[in-house]
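Undergrad:
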Amino acid sequence: MNTGVLRDARRRKGLKQRELAEAIGVHVRVVQSWEYGTKTPSLKNLVKLADVLELDLNELAGRN
1 MNTGVLRDAR RRKGLKQREL AEAIGVHVRV VQSWEYGTKT PSLKNLVKLA DVLELDLNEL
61 AGRN
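Per the UniProt record's numbering, the very first residue in the sequence shown carries number 1; after that it's consecutive.
1) Check whether the region 47-57 touches the region 8-24, counting contact only when three or more Cβ pairs, one atom from each stretch, lie closer than 8 Å.
2) How is the alpha helix (DSSP H) around T40 delimited, first residue to last?
3) Have a look at T40 and A61 and give me their C-alpha separation to the nearest angstrom.
4) To the nearest angstrom, how far is it from the Cα of G25 to the Cα of L43?
5) What span of residues does the alpha helix (DSSP H) with L57 cover, start to end?
Below, the structure written as structure tokens:
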């Protein structure tokens, strides 16, 4: 996953990590671990992230 894309998209939408976590149903520490690159979201959560952040799933997954 492209962690920079995740962080930048969240910021562009004006969301805090906590708000993004609530929107997709995970704990804020999970979002933090994705942004730091220490964990990778499941496909289910990638789809949720793409929907909330209005991103193409391939872009979010790092498949440009």
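Glycine included, every Cβ here is placed at the ideal spot set by N, Cα and C.
TA: Reading it off the structure:
1) Yes, they touch.
2) No alpha helix (DSSP H) holds T40; DSSP gives it neither H nor E.
3) Their backbone Cα atoms lie some 10 Å apart in a straight line.
4) Put simply, the backbone Cα of G25 is about 14 Å away from that of L43.
5) Element bounds for L57: L57 to L60.
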